[in-house]
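Taking it in order: structure first as structure tokens, then the write-up.
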Amino acid sequence: MGVVNNFAAYDVTSLDEIKAQILHDTIINCGIFNDLVGLFVFFDISINFTCGLNSVYFLLNLKNIKVAIYIGLLKNNSQFVIIFNMEIFHISAECYPMAKVGGLADVVGALPKYQTNAGHQVRVIVPCYDTKFRKENDFECVHWGTVKLGNFNFPFSILKETTNKLGYELYLVEINELFDRHNVYGYEDDIERFLAFQIAVLDWIICRNTVPDVINCHDHHTGLIPFLVQFAYKYDSLKNVKTVITIHNGLYQGWFGFDKLHYLPEFDLKHVGFLEWNNSINSLAVGVKCANAVTTVSPSYLNEINHAANGLESLFKSVRSKSRGILNGIDIEVWDPLKDQMITANYSIETFEAGKQKNKEKLCEQFDLDPEKPLFSFIGRLFEEKGGDLLPQASALALSENFENINILILGSGNAVIEEQLVQLRNDYNGNYNVFIGYNEELAHLIYAGSDYILMPSRVEPCGLNQMYAMRYGTIPIVRRTGGLRDTVADFGDEGNGICHDQASVGDICYSINRAVKLYNNKLNFNKVLERGMAADHSWERVCQEYIEIYNLIIEKNEI
């Protein structure tokens, strides 16, 4: 390999002068070999030096430096760049497949894997719920202690999944009196549960030999961590750790009264203002105030919470300079119609017609529907936020307007009244409509593969993953323009990949369904829209790079 010149900078973390000098001295001491590559270290000014290939690999073990190879800049050559190998902690209430309620679990289950693939040391910490994954996998205890919550003491253990089968290190916080339950949320003591969880995590971190470079908190359940890292006396060793809070849904904020202030580890009361919002403690607001950076799960949602954030609008406006909207990705290894073992027939963008038809036939057989008719499906929580309250009337009206020449299938659970209304529709439209109350992962995969359209009439959708899953499987999304749906789906009338409407209303849903029926009957145009969706790139690689960029900025400059 000859000397490579004219490099373009590629994802280089700036290094301070001390690290740069260490690298320089290391390379000088290693000597120069016959195979030469250009090695560039960037900080305030550029430093260029040349070393052998063996020297580059030597750096990896010597100074915790990740050497990344960028192929293709110049033909037959490789570019080597120096990247600081960060230790990243993701702390969350959910992580698929350990525990899942919504999209939060999918994100926390996927993003760390791609950050690990990029060469970083990534650890995910979630509560130890009584779930199938916990029972069927092996864990070892790596730490134990006691959480003090006011006058209560809760023994806890940190359990590590032994095989790293998820592509990153997964840790569970076991507090038997608080988390040995079947459900993730919905208990009267949720505030105490997640306070204890956050304290246990930090108690463990300060007992480790190293501290992380970045702690990425997710939603209000971990919103107090940025405050505790900065101001709690017992966590003084973590003051230099940078924190990010990622907002998956700003409607849920973790309010509690100052009567529970004594639950928190001791801190200087001059900082109590960081906790206060409208005379209460608002966990999400605390995280937003104290974190070094704030991210939302789509650019449009970042804009929306400046105007509609359940009382936090002014706060989000005030932290706009340290905020960024990053559109979520999907795990294309889990969601891959060509390899998915949960569906009847596998297929690709080249073979989707035959593959989707077989899956549709299986799905329709299971739910007593006609596979010759266009199939509209809904997967999600049956609450107003997701437009679930609109589904009973919209389904009945759409079936009537189309003379029952369509099929509708609902998979979800939530509001008991909505559930009952949807079940009742089965009696009126037997053979054209069905509903499954609850959630089943295998069924969800089959619905994405076997449906023609997916309905997402959400009032609020910070990012939305269902539309990306649907497009990946060749199912056209019908969405209301909001949040991440606005960022990922464009109307087919504008050469887009879906069908869009503006209002969360029965009329708009039915109008969109009628447009979809006409499109379905024009197979040439229908397939074009479907193919545009399947061809879209919603992978995590791009997303991973955006998060790493933010981590780098707050480590180096304390701003983004």
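Numbering that gives the first Met the number 0 puts the first residue of the sequence shown at 0, with every later residue one more than the last. We treat Cβ as the ideally placed atom computed from N, Cα and C, and that holds for glycine.
What would DSSP say about T561, mapped onto helix, strand or coil? Any property of residue 561 remains undetermined from this structure, which presents the chain solely from 0 to 559.
Looking only at its chain, what residues have a beta carbon closer than 7 Å to the beta carbon of E540, apart from the 5 residues adjacent to it on each side? Here residue 540 refers to the residue found at position 541 when the sequence shown is read from its first residue. Excluding sequence neighbours, E540 sits near Y113.
The beta strand (DSSP E) that contains A292, what's its start and end? Numbered from its first residue, the sequence shown carries residue 292 at position 293. Unbroken beta strand (DSSP E) run through A292: A292 to T295.
Beta-carbon gap between G354 and P456 smaller than 8 Å: Locating residue 354 in the sequence shown gives position 355, where the first residue counts as 1. Locating residue 456 in the sequence shown gives position 457, where the first residue counts as 1. No; because the gap between Cβ atoms is not below 8 Å, this pair is not in contact.
Using 8 Å as the threshold, is the region 286-296 in touch with the region 308-320, meaning 3 or more CB pairs across them? Flag = yes, the region 286-296 and the region 308-320 touch.
Around the Cβ of S399, are there at least 16 other Cβ atoms within 10 angstroms (buried) or fewer (exposed)? As a working note, residue 399 is residue 400 in the sequence shown. Residue burial annotation: S399 is exposed, with fewer than 16 other C-beta atoms found within 10 angstroms of its C-beta.
Within 10 Å of its beta-carbon, does W276 have 16 or more other beta-carbons around it, so buried, or fewer, so exposed? Residue 276 sits at position 277 when you count from the first residue of the sequence shown. Buried, by the Cβ-count rule.
Pull up the distance between the alpha-carbon of V80 and that of M467, whole angstroms please. In the sequence shown, residue 80 corresponds to position 81, counting from 1. In the sequence shown, residue 467 corresponds to position 468, counting from 1. With a pLDDT of 40 at V80, under the threshold of 50, the modelled position of this residue cannot be trusted; read the value that follows with caution. Straight-line spacing of the CA atoms in V80 and M467 works out to 33 Å.
E488 in three-state terms, based on DSSP: Numbered from 1 along the sequence shown, position 489 holds the residue referred to as residue 488. According to the sequence as given, residue 488 is Val; it is not Glu. In the structure shown, V488 sits in coil (DSSP, three-state: anything other than H, G, I, E or B).
Where K321 falls, given that 16 or more other Cβ within 10 Å makes a residue buried: Here residue 321 refers to the residue found at position 322 of the sequence shown. So K321 ends up on the buried side.
Less than 6 Å between C-beta atoms, sequence neighbours within five positions excluded: which residues of the same chain meet that for T145? Stepping through the sequence shown from its first residue, residue 145 is reached at position 146. N152 and P154, listed in sequence order.
Taking all protein chains shown into account, decide if Q340 is buried (16 or more other Cβ within 10 angstroms of its Cβ) or exposed. The count along the sequence shown starts at 1 and reaches residue 340 at position 341. Of the other Cβ atoms in all chains shown, fewer than 16 fall within 10 Å of the Cβ of Q340; this residue is therefore exposed.
Whose C-alpha, out of K372, T295 and E265, is nearest the C-alpha of F402? Mapped onto the sequence shown, residue 402 falls at position 403. Measuring C-alpha to C-alpha distances from F402 to each of K372, T295 and E265 identifies K372 as the nearest.
Can you tell me whether V459 is buried or exposed, with buried defined as 16 or more other CB within 10 angstroms of its CB? For this step, residue 459 is matched to residue 460 along the sequence shown. Under a 10 Å Cβ-count criterion, V459 is classified as buried, with 16 or more other Cβ atoms of the shown protein chains found around its own Cβ.
For G108, which of helix, strand or coil comes out of DSSP? For this step, residue 108 is matched to residue 109 along the sequence shown. Reduced to three states, the DSSP call for G108 is helix.
Measure the alpha-carbon distance for N496 versus S376 and round it to whole angstroms. For the purposes of this step, residue 496 is taken as residue 497 along the sequence shown, with counting starting at 1. For the purposes of this step, residue 376 is taken as residue 377 along the sequence shown, with counting starting at 1. Spanning the two alpha carbons is a distance of roughly 17 Å.
Looking at the strands, I want to know which residues DSSP matches up with P154. The sequence position of residue 154 within the sequence shown is 155, counting from 1. DSSP output for P154 lists T145 as bridge partner(s).
Quick one: measure Cβ to Cβ for C509 and A393, integer angstroms, because I've assumed they're closer than 8 Å. One-based indexing of the sequence shown puts residue 509 at position 510. One-based indexing of the sequence shown puts residue 393 at position 394. Taking a contact as a CB-CB distance under 8 Å, the pair C509 and A393 counts as one, their CB atoms being some 6 Å apart.
Does the contact criterion of 3 or more C-beta pairs under 8 Å hold for the region 531-540 versus the region 316-331? With a cut-off of 8 Å, the region 316-331 and the region 531-540 count as touching, because enough Cβ pairs lie within range.
Are W203 and I244 close, meaning C-beta to C-beta below 8 Å? Here residue 203 refers to the residue found at position 204 when the sequence shown is read from its first residue. Here residue 244 refers to the residue found at position 245 when the sequence shown is read from its first residue. Contact flag unset, no.
Report buried or exposed for K99, applying the criterion of at least 16 other Cβ atoms within 10 angstroms of its Cβ. Translated into the one-based positions of the sequence shown, residue 99 becomes position 100. By the neighbour-count rule (16 or more Cβ atoms within 10 Å), K99 is buried.
Which term fits F266, buried or exposed, when burial requires 16 or more other beta carbons within 10 angstroms of its beta carbon? To locate residue 266, count along the sequence shown from 1; it is residue 267. The residue in question, F266, is buried, as its Cβ has 16 or more Cβ neighbours within 10 Å.
Of all the beta strand (DSSP E) runs that stay within the bounds of the region 387-471, which reach a length of 3 or more residues? Taking only runs of at least 3 residues, the beta strand (DSSP E) segments lying wholly in the region 387-471 are 406-413, 432-436 and 452-455.
Would you check if the distance between the CB atom of L529 and the CB atom of I475 is smaller than 8 Å? For the purposes of this step, residue 529 is taken as the residue at position 530 of the sequence shown. For the purposes of this step, residue 475 is taken as the residue at position 476 of the sequence shown. Cβ atoms of L529 and I475: closer than 8 Å.
Cβ neighbours of V141 in the same chain (closer than 7 Å, five flanking residues each side left out): Counting from 1 along the sequence shown, the entry for residue 141 is found at position 142. Around V141: I157 and K159.
Range of the contiguous beta strand (DSSP E) that encloses Y640: In this structure the chain extends from 0 to 559, so residue 640 is not present and cannot be described.
Rounded to whole angstroms, what is the Cα-Cα separation between E191 and V271? On the sequence shown, residue 191 is found 192 positions in, with the first residue counted as 1. On the sequence shown, residue 271 is found 272 positions in, with the first residue counted as 1. Those two C-alpha atoms are separated by around 19 Å.
Just tell me which of H89, M85 and V106 has its CA closest to the CA of Y95. Position 96 of the sequence shown, counted from the start, is the residue given in the question as residue 95. A check of alpha carbon separations from Y95 across H89, M85 and V106 identifies V106 as the nearest.
Using DSSP's beta-bridge definition, name the partner residues of K241. One-based indexing of the sequence shown puts residue 241 at position 242. Per DSSP, V213.
With the cut-off set at 8 Å, would you say Q252 and H306 are in Cβ contact? Counting from 1 along the sequence shown, the entry for residue 252 is found at position 253. Counting from 1 along the sequence shown, the entry for residue 306 is found at position 307. Annotated as distal: Q252 and H306, with beta-carbon spacing of 8 Å or more.
Outcome for I417 when other beta-carbon atoms lying within 10 angstroms are tallied against a minimum of 16: Start at 1 with the first residue of the sequence shown, and residue 417 comes out as number 418. By the 16-neighbour rule on beta-carbons within 10 angstroms, I417 is buried.
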